[in-house]
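First the structure, in the form of structure tokens, and then the observations on it.
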Amino acid sequence: MSNDGISKEPMLEMYLFEGNLLVEQLEEIIIKCEKDKKFEMGDINEIFRIMHTIKGSSAMMMFNQIGLLAHSLEDLFFFIRANQNIEIDFVGLSDLVLSGIDFIKAEMNKIEKGSGADALADELIGEIKTMLEQMKISYEGQNAAPATLANSTPDGQKALYYISSYQNPSAEKATKYCVQAFFEDDCQMENIRAYMLVNNLQEIVIEIHHIPADIIDNAASADIIRETGFTICFSTLAPYGEIESILNQVAFVRKMEINQVDDYPAEFKVLQSRREIILDEIPQEYQQTLTETVETGSTNNRQQNIISVSVAKLDMLMDIVGEIVISEAMVTKNPDLVGLQLEGFSKAARQLRKLTDELQDIVMSIRMVPVSMVFHKMNRIVRDMSKRLAKEVNLEIIGETTEVDKNIIDHLSDPLMHLIRNAMDHGLESKEDRITAGKPSQGKITLEAKNAGGDVLIIVRDDGRGLNRDKILNKARQRGLVHKPESELTDKEVFAYIMLAGFSTNEQVTEFSGRGVGMDVVAKNIEKIGGSITIESNFGKGTEIFVKIPLTLAIIDGIEVGVGKSRYTIPTISIRESFRSDDQEIISDGDGNDMIMIRGQCYPVLRLHRMFKIKNAVTTISDGMMVMIETDSKAACLFVDRLVGEQQVVVKALPKYLKKVQGIAGCTILGDGGISLILDANGILEGQLA
Amino acid sequence: MVKSVLVVDDALFMRLGLKTMLEKNGFQVIGEAANGVVAVEKYKELHPDLVTMDITMPEVDGVEALRQIRAFDGNAKVVMVSAMGQEVMIRSAIMAGAKNFIVKPFTEESVMKVLSKL
């Protein structure tokens, strides 16, 4: 497809989209089969189809290594499908298939990022072929007569049936012809094309012979035909014109000669005397596999009622709906209407409001995606780590149909993976320790998702050894991180320490974790999507990690503040409190930095009118308001003119032509048409307090 | 006269690829199906001039769907889309009335060569 001038972009996108989908499905199936220690017919068929599709699409896109790998797996499962009672080494087979999956995933990743699919799959393909060979050998050992069906027709097995033909009386009046045909180079399957010529002629001929004679069952005949052409001799009552048009129906014929003859050439006389009529009968075994394709449990059925939509289009849709909501407010709350008695108008406006609300809800729901995809990925992690750590673990998934915005789900995968890894590596004890502690030898990890108000709650629960409050507290104390009397610290607060950078009470660093660089990254990533993490634990019994994430990134709760004529929105999640103060309470250091004491703690004071150089703002502390903002490590008090109110705002990104300003996360349009800039607590605190 | 086509393949990628090629060359894709059952339903509903039919599909495969379509409409023009190594199935398909076949991976040129003959 590469030289066709068809833009490769949509095809590439579709290739990656479908490829990723198929590979995920395949991973799920193979892990399930490994666990159940059996391959249902439906599973084998699906695995076969997935490999077949990936092979075909990869070939079209010229990703040859992926195609070859898929082909070898296809052959492997073709064999398994044809010989269901062979012994299968489930662990070995799964490992191999999973390695193949990893290869394909890695290559597709590279392709997505713009670098080429350049890895070689030779080694892996070699291993797969070896496994297939071993299976064939052991199969032959098991059974007396191997009923192996190669993907192409069996060698040496000719489905030829001889029937003595009767002499058609009109045969004598018919005309004899000889046709020699050459097919175009590289057209593939010349033998089948040759068959088509013969097949098409069947209707008009009285007798027909051809060389090579054995074209369907003998794949090698394709080569013969390619070299020396295909010769057909037949007799017919049909006129030349009809013969020619019938023969021309077959494509890829490079050269064809139709000659009327008085008698067949010598080679054909031999065939003629045998009166060989080849009956086209499908080998019995193959017939069976054809009809067995109706199987249940096909996860492909989901495709039928769903269409795939580009996320870019959804983003645009969200944007416009957001604007409609704002526009609607600008119309119905327009200052021009103040004081007017507009009953009819008000009624209509209410109806409009109702509809725009509904529209907004529906558009938001379109972007919602169930967490199942992300949750199911964890199966693979649990399986792999389970093997490596020699721990038996059961992963229970609850509430996978819970939905979350598409934007958010992409950011969930890494943090969840880390939490699961932690649970497996540090949370769960070894089998021996568990038995000593009176627990079942199989550890349990529960991954649960549920709706909680305007948020989604994701819980990672394990029944392992739990967190040691004292140990953590000690380490925190050592690091000087404890700012409250220790007796006042709740368990939640103590456990929260493990999410700080570099904090690990582990003496040993394992392959998976222990370096203390994990939990803080997890916390940061969750925070980035507007969420939060709390940890609960029962020493000796287990740990529960609660991840709370908002339903959507696009709408946040904020407090609107005014500074001069400008308006700013501060995300509620960043605000600890607000209060009135006065100039007496402000302490200045020598450098002109202001500070204020609150309950024995010292906080920097940041005057927004200075930060953003706003004129005509309130400068006397007692005339304005203090808003204390915080991130997980820093806090400060923002000085503003006034608090305007609490509201939900639709977050819009700053236009690209504006330079990025640290501390501004985006903007929103208010009901009266004004613009409010959304402050980013992190940005402000990092920028001003470096 | 614009020829209408029903594209049948369980792979999204293939359907998109074929559809793009067809529409670029003046055909009109009036329907798609991802398995043999839907293929037959859509054929009966839409009466396309041509059908491109993948062989390997879930529920009901391409050869069986071809049979059912041909049983319904003896004039149905169906072109099979296959991969290398499926000679036996193509043969059955041709015997069941398929007009021609295309082998994956295919080029726009070869697809058009085959379709222009129909």
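Protein sequences, first through last, are from chains A and C.
Take 30 as the starting number for the first sequence in my numbering and just add one per residue.
Take 51 as the starting number for the second sequence in my numbering and just add one per residue.
For each residue, glycine too, the CB sits at the ideal point set by N, CA and C.
Can you tell me which of the three DSSP states C/Leu168 falls into?
-> Coil.
Straight-line CA distance for C/Pro108 to A/Thr82?
-> So the two alpha carbons sit approximately 12 Å from each other.
Determine whether the Cβ of A/Gly716 lies closer than 8 Å to any Cβ atom of chain C.
-> Judged by the 8 Å Cβ criterion, A/Gly716 is not in contact with chain C.
Validate contact between the region 134-152 of chain C and the region 99-115 of chain C using beta carbons, cut 8 Å, 3 pairs | As far as the Cβ criterion goes, the region 134-152 of chain C touches the region 99-115 of chain C, which means the pair count is three or higher.
Between A/Asp243 and A/Leu276, what straight-line distance do the alpha-carbon atoms span, to the nearest angstrom?
-> Their Cα atoms are separated by approximately 20 Å.
Beta carbon of A/Lys205 nearer than 8 Å to that of A/Asp292 | Contact flag set, yes.
Using the rule of at least 16 other Cβ atoms within 10 Å of the residue's Cβ for burial, across every protein chain shown, is C/Ser132 buried or exposed?
-> By the neighbour-count definition (other C-beta atoms within 10 Å, threshold 16), C/Ser132 is a buried residue.
Report the option in A/Pro39, A/Ile336, A/Asn567 and A/Ile272 whose CA atom is closest to the CA atom of A/Arg396.
-> Ranking the options by Cα distance to A/Arg396, first place goes to A/Ile336.
Name the DSSP bridge partner or partners of C/Leu100?
-> Answer is C/Val55 and C/Lys127.
How would you list, in chain order, the residues of chain C whose beta-carbon sits under 9 Å from the beta-carbon of A/Phe281?
-> Correct list: Ser160, Lys163 and Val164.
Compare the C-beta of C/Pro98 with all C-beta atoms of chain A and state if any pair is closer than 8 Å.
-> Not one chain A Cβ lies under 8 Å of C/Pro98.
Spell out whether any CB of chain A is found under 8 Å from the CB atom of C/Met134.
-> With a threshold of 8 Å between beta carbons, C/Met134 makes contact with chain A.
Is the beta carbon of A/His405 less than 8 Å from the beta carbon of A/Asn554?
-> Against a cut-off of 8 Å, the Cβ pair of A/Asn554 and A/His405 comes out as no contact.
Identify whether A/Leu635 lies in helix, strand or coil by the three-state DSSP scheme.
-> Correct three-state label for A/Leu635: strand.
A/Pro268 burial status per 10 Å Cβ neighbour count (16 or more: buried) = Result: exposed.
Quick one: which unbroken alpha helix (DSSP H) runs of 4-plus residues sit fully inside the region 481-533 of chain A? Chain order, please.
-> As far as the region 481-533 of chain A is concerned, its whole alpha helix (DSSP H) runs of at least 4 residues are 498-507 and 520-525.
Which residue or residues does DSSP assign as beta-bridge partners of A/Leu476?
-> Note: A/Leu476 sits in a beta bridge opposite A/Ile426 and A/Val489.
Just the C-alpha distance for A/Glu573 and A/Arg636, rounded to the nearest angstrom, thanks.
-> Cα-Cα distance, rounded: 41 Å.
Taking Cβ positions only, does C/Ala115 come closer than 8 Å to chain A?
-> Answer no: the Cβ-Cβ gap between C/Ala115 and chain A never drops below 8 Å.
Report buried or exposed for A/Gln370, applying the criterion of at least 16 other Cβ atoms within 10 angstroms of its Cβ.
-> Its Cβ having fewer than 16 others within 10 Å, A/Gln370 is exposed.
When A/Thr660, A/Phe68 and A/Glu296 are compared against A/Asp709, the one with the closest alpha-carbon = Check the Cα spacing between A/Asp709 and each of A/Thr660, A/Phe68 and A/Glu296: the tightest is with A/Thr660.
What did DSSP end up calling A/Leu687 once you bin it into helix, strand or coil?
-> The answer is coil: DSSP assigns A/Leu687 none of H, G, I, E or B.
Could you tell me whether the Cβ of C/Asp60 comes closer than 8 Å to any Cβ of chain A?
-> Answer yes: the Cβ-Cβ gap between C/Asp60 and chain A drops below 8 Å somewhere.
Assigned secondary structure, A/Thr601 (DSSP; H/G/I helix, E/B strand, else coil) = Residue state for A/Thr601 is assigned as helix, using DSSP reduced to three classes.
Buried or exposed for C/Asp111, please, with buried defined as at least 16 other CB atoms from any protein chain shown within 10 angstroms of its CB.
-> By the neighbour-count rule (16 or more Cβ atoms within 10 Å), C/Asp111 is buried.
Drop a sphere of 10 angstroms on the beta-carbon of A/Gln316, count the other beta-carbons inside from all chains shown, and report buried for 16 or more, exposed for fewer.
-> Bear in mind that the predicted position of A/Gln316 carries a pLDDT of just 40, short of 50, making it unreliable; the figure below should be weighed with that in mind. That one is exposed.
Any C-beta of chain A under 8 Å from that of C/Thr102 | Not closer than 8 Å to any Cβ of chain A, the Cβ of C/Thr102 fails to qualify, so no.
Could you run through the region 39-63 of chain A and flag, in chain order, every residue whose CB is less than 9 Å away from some CB of chain B?
-> Of the chains in the structure shown, none is chain B; the protein chains are A and C.
Tell me which same chain residues have a C-beta within less than 6 Å of the C-beta of A/Ser123, skipping the five on either side of it?
-> Excluding positions up to five away in sequence, the list reads Ile59 and Glu63.
Can the beta-carbon of C/Val129 be found less than 8 Å from the beta-carbon of C/Met71?
-> For the 8 Å CB-CB criterion, C/Val129 and C/Met71 do not form a contact.
Cβ-based contacts, 8 Å cut-off: residues of the region 214-225 of chain A near chain C = Listed by position, the residues of the region 214-225 of chain A near chain C (Cβ gap below 8 Å) are Cys216, Gln217, Met218, Asn220, Ile221, Tyr224 and Met225.
Cutoff 8 Å: A/Ser274 Cβ touching any chain C Cβ | By this cut-off, A/Ser274 is not an interface position.
Can you give the Cα-Cα distance for A/Leu714 and A/Lys663, rounded to whole angstroms?
-> Going from the Cα of A/Leu714 to the Cα of A/Lys663 covers about 7 Å.
Throw me the rounded Cβ distance for the A/Ala146 and A/Lys139 pair, which I believe falls under 8 Å.
-> Beta-carbon to beta-carbon, A/Ala146 and A/Lys139 are separated by about 6 Å, close enough to satisfy the 8 Å threshold.
Which residues bound the beta strand (DSSP E) around A/Phe575?
-> Residues Gly571 to Pro579.
Could you check what DSSP says for A/Gln317 in three-state terms: helix, strand or coil?
-> Bear in mind that the predicted position of A/Gln317 carries a pLDDT of just 38, short of 50, making it unreliable; the figure below should be weighed with that in mind. Correct three-state label for A/Gln317: helix.
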